[in-house]
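In the numbering used here, the protein residues as written are 231 to 363. The C-beta atom is built at its ideal place from N, Cα and C for all residues, glycine as well. To keep things clear, I will list the structure first and then write my remarks on it.
The structure is reproduced here in structure tokens:
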């Protein structure tokens, strides 16, 4: 499965901090871009989303569209709240989050391409149904 965006941000922050400490980078731009509180909040949302989707397929059967859409909506609306509070989601973050929201159910065998066709959303942009970012 794709790496959680929050983990990527944490690792990048650590790498940039090491570069600053080594004198190879003047400014820790990652600290400004991804505040700890926002990263932790989004990480919690994504962990819950992963658990929600895993529970949907726990019996071995593929879940219905309504259940998958509800799990995605819960995650995206919570991410909206984090972004409203912290204002950290820019183009790169948006693209990574959208990809992740798509990848989680797809990784469990859910045919999101067919679901997109049935529900009229763009392939690859499940989050686009609810996102404010």
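Handout entry: Residues of its chain near residue 316, where Cβ-Cβ distance is below 7 angstroms and the 5 sequence neighbours each way are ignored
Key = For this step, residue 316 is matched to residue 86 along the chain shown. Cβ neighbours of residue 316 beyond the five flanking positions: 265, 267 and 268.
Problem - C-beta atoms of residue 331 and residue 298 nearer than 8 angstroms - result: Mapped onto the chain shown, residue 331 falls at position 101. Mapped onto the chain shown, residue 298 falls at position 68. Not closer than 8 angstroms, so no.
Handout entry: Rounded separation between residue 308 and residue 323 - CA only
Key = On the chain shown, residue 308 is found 78 positions in, with the first residue counted as 1. On the chain shown, residue 323 is found 93 positions in, with the first residue counted as 1. Rounded to the nearest angstrom, the two C-alpha atoms are 15 angstroms apart.
Problem - Inter-stretch contact at 8 angstroms, needing at least 3 Cβ pairs: the region 233-244 / the region 269-277 - result: yes
Handout entry: Same chain only: Cβ atoms within 7 angstroms of residue 279, ignoring 5 sequence neighbours per side
Key = In the chain shown, residue 279 corresponds to position 49, counting from 1. Excluding residues within five positions, the ones whose Cβ falls inside 7 angstroms are 301, 305 and 334.
Handout entry: Distance, residue 244 Cα to residue 329 Cα
Key = Against the chain shown, residue 329 aligns to sequence position 99. Against the chain shown, residue 244 aligns to sequence position 14. Taking the straight line from one Cα to the other gives about 23 angstroms.
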